[in-house]
Amino acid sequence: MAETYVIPMGEIPSRKLRKTVKVFIKEEDVSLFDDDGKQFGITLEKNRLVLKTGV
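FYI, the numbering for the sequence shown is 9 to 63, going by our numbering.
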């Protein structure tokens with residue numbers, strides 16, 4: 009079953025960090041692995057970070 013998590017960019021506390029994250033996500037294919045080995049694809053959609061499983 010696919011899961012999706014949405015994180016508004018405004019929840020990242022630092023403006024500098026938000027800008028760094030935006031540039032990094034736009035330039036690269038980014039994946040995240042949790043402690044259980046589940047893989048998430050990370051994209052930037054409408055000024056929000058979107059994490060999706062099943063990538």
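Idealized CB from N, CA, C, for every residue including glycine. Predicted model, so just to flag it, every value in this text is computed and none were measured.
TODO: Figure out for me which residue from Thr51, Gly45, Leu59, Gln47 has the closest Cα to the Cα of Phe32.
DONE: Nearest option by C-alpha distance: Thr51.
- [ ] Give the secondary structure of Gly62 by DSSP, where H, G and I count as helix, E and B as strand, and everything else as coil.
- [x] coil
- [ ] State the beta-bridge partners of Leu40 as determined by DSSP.
- [x] Phe48
Task: Through-space distance from Leu40 to Lys84, alpha-carbon basis - done: The structure shown has nothing for residue 84, since the chain only spans 9 to 63.
Task: Beta-carbon separation (whole angstroms), Phe48 vs Thr28, contact threshold 8 Å - done: Actually they do not touch by this definition, with Cβ atoms about 19 Å apart.
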